[in-house]
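Residue 10 is where the sequence shown starts when you use the working numbering, and the numbers rise one by one after that. Report on the structure given below.
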Amino acid sequence: MMGYKRKVLETVVASKVRQVSLTNKQESKHIRQDFVTHTYKQNHNTKMSLPTHMRALHLPTISPDPQITLRTVPVPTVVPGSVLIRVLAAQVSQKVYDIYSGKVGFTLPPDMILGGGYAIGRVVQPGPDTTSLPVGKLVMIQSFLRARDNPDEIQAVWGSFDGGVPASREWIEKNWKNGSYAEYILAPLENVEPLDEERLCKPKGDGGLGYSVENLLQLPVQLVVLGGWKGIGLRAGERVIVAPATGQFGGAAVEVAVAMGAGQVIVMGRNMEILKRIQGLYPRGKIQIVPMSGDEDGDVQKLTSWGPVDAYLDISPAAATGSTHVGSCFKALRNYGRASLMGVLPEGLSVTYAMIVWKSLTVKGQYMYDRADAQQIVKMAESGVLRLGPETGVEVVGRFKFDEIDEAWAVASKNTQFGKLIALTP
């Protein structure tokens, strides 16, 4: 049985991180040449051997002390509308562990394989109705699940939230409760995006972008915030606010806004070290910093000191309850400004009905993204407009196997901020 033994693992984890972590300089230099070589010399054949069983991390139920075990289970059977994928890397985060331990309050089906989307893999067996995903194809697995015949009502986030209503819970339990913390994953066709492997993974000197498979794990995260920006129609040249900007999704919102052509991005947060690190990744003047001071009106003055603000994306965690930054950002918007709300704050907005009317503000709640957004995020990365890896300040701080999941959770708990990525690599 694998519990979450942080204190016991501190020494082991410190040693493990020293072994598996890569600095930005090292990752840029080596770019996981083992993966690239394997990709181009061995994986362009049309047949892949398929075992009958696989290893997977199993969770019987959400509980304060989740009883995660490594099991041998049958490899899923491909059915119409699905594709079987060999998992190359899946992201590990503290937020996911908080879901499994019941801290977040999300619901999930019992007896599930952990993980969901946020993974990169290779097609090993397409479904009988698959037309564009050949065996061997490198793919991104994304996490927003929607019922084909009722996509507006039956929705869930794979491996994180079963939708919370009886119909979506039943749909998830019968079809998609098993996720990516396994050697193989059965995914719905709609949640699998093909990747141009030569462009993304070949070394830069050979015309590629030189990304490792772990670098590609940024894509499913960036996809989430792309949905937010597209929802409010971000246009090139606009001045925008991202708040908070110091977490994984906030940092991704900055990356995507710049890639979409934002003229200036104002980042808010409490960790000045991270805010300055984000600022240093871009040309002078592209990123401006406003620390969250708790003085709502004072922060408004700072937010507007560079000129009118066109749009604001908020992706606040529940821990930000009571923060004054939401009020500051709304007040900073110009007349006809737009706000995209993507966080999970459980409280009401600290803005008045009258202010929204008088300023003609557009306020849009955005739960995840559309299918077209998944296709767009891939195109943005393949074109080079959207950067990944060390150039965006994101480093891989740990790579772990299934039997090292306790260590992976421990490392994730110490690396919740922007720029830290932990990968499970079966």
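From the three backbone atoms N, C-alpha and C, an ideal C-beta is built for every residue, glycine too. Keep in mind that this is a model prediction, so the values were computed, not measured.
When DSSP assignments are scanned along the stretch 309 to 383, the uninterrupted stretches of beta strand (DSSP E) that are 3 or more residues long and fall wholly within it turn out to be 318 to 323, 342 to 350, 371 to 374.
By the Cβ neighbour-count rule, T255 is buried, with 16 or more other Cβ atoms within 10 Å of its own.
Counting every other CB atom within 10 Å of its CB across the protein chains shown gives V249 a total of 16 or more, marking it as buried.
Cα atoms of A320 and S58: separation of roughly 50 Å, rounded to the nearest angstrom.
For the set V406, Y109, S110, S152, the Cα lying nearest the Cα of I129 is the one of S152.
The count of Cβ pairs closer than 8 Å, one atom from the stretch 93 to 102 and one from the stretch 422 to 432, reaches three, so the stretches are in contact. In this structure, I324 and F258 form a Cβ contact; the two beta carbons are roughly 5 Å apart against a cut-off of 8 Å. Segment contact: the stretch 154 to 162 against the stretch 193 to 208, three or more CB-CB distances shorter than 8 Å; contact assigned.
I122 is not a Cβ neighbour of S169, given a cutoff of 9 Å.
Y220 is a Cβ neighbour of G398, given a cutoff of 9 Å. A direct Cα-Cα distance of roughly 6 Å separates R131 from V148.
In the DSSP annotation of this structure, the continuous segment of the alpha helix (DSSP H) that includes F258 starts and ends at 257 to 268. Cβ-Cβ distances below 8 Å link G294 to Q273 in the same chain, with the five nearest sequence neighbours on each side left out; the list follows chain order. Residue range 175 to 184 is occupied by the alpha helix (DSSP H) that includes I181, with no beta strand (DSSP E) assigned at that position. By the C-beta criterion, the stretch 169 to 179 is judged not to be in contact with the stretch 230 to 239, since fewer than 3 inter-stretch pairs fall below 8 Å.
For E223, same chain residues with a beta-carbon under 6 Å away, outside a window of 5 residues either side, are A98, V405, A432 in chain order. Boundaries of the alpha helix (DSSP H) around R286: 281 to 288. Here the alpha carbons of A165 and G172 stand approximately 4 Å from one another. The residue from A262, L79, I94 with its alpha-carbon nearest to that of K410 is L79.
For I108, the enclosing alpha helix (DSSP H) begins and ends at 103 to 109. Rounded to whole angstroms, the gap between the alpha carbons of V96 and D306 is 49 Å. Taking the Cβ atoms as the reference, T61 lies roughly 17 Å from V88, outside the contact range of under 8 Å. Taking a contact as a CB-CB distance under 8 Å, the pair G188 and G270 does not count as one, their CB atoms being some 35 Å apart. Residue nearest to E416 within the set L290, I77, I71, P355 is I77 (criterion: CA-CA distance). The DSSP assignment places complete alpha helix (DSSP H) segments of no fewer than 4 residues inside the stretch 86 to 152 at 103 to 109, in order along the chain. Inter-residue distance for A245 and V265 is about 12 Å (C-alpha atoms, whole angstroms). DSSP lists K429 as the beta-bridge partner residues of E404.
Assignment of M301 by DSSP, reduced to helix, strand and coil, places it in the coil class. DSSP places L218 outside both helix and strand once states are collapsed to three, so it counts as coil. Looking only at A341, D412, G145, the smallest Cα-Cα distance to Y190 is reached by D412. Nearest Cα to T425 within the set V82, A268, Y106: Y106. Listed as beta-bridge partners of G278 by DSSP are P300.
For I414, the uninterrupted alpha helix (DSSP H) segment begins and ends at 414 to 422. When the five nearest sequence neighbours on each side are left out, the beta carbons in the same chain lying within less than 7 Å of the beta carbon of L93 are those of P85, V87, V133, Q134, Y193, L195, in order along the chain. The DSSP-derived three-state label of E223 is coil. Contact between the stretch 299 to 319 and the stretch 339 to 350 is present: three or more C-beta pairs spanning the two stretches fall below 8 Å.
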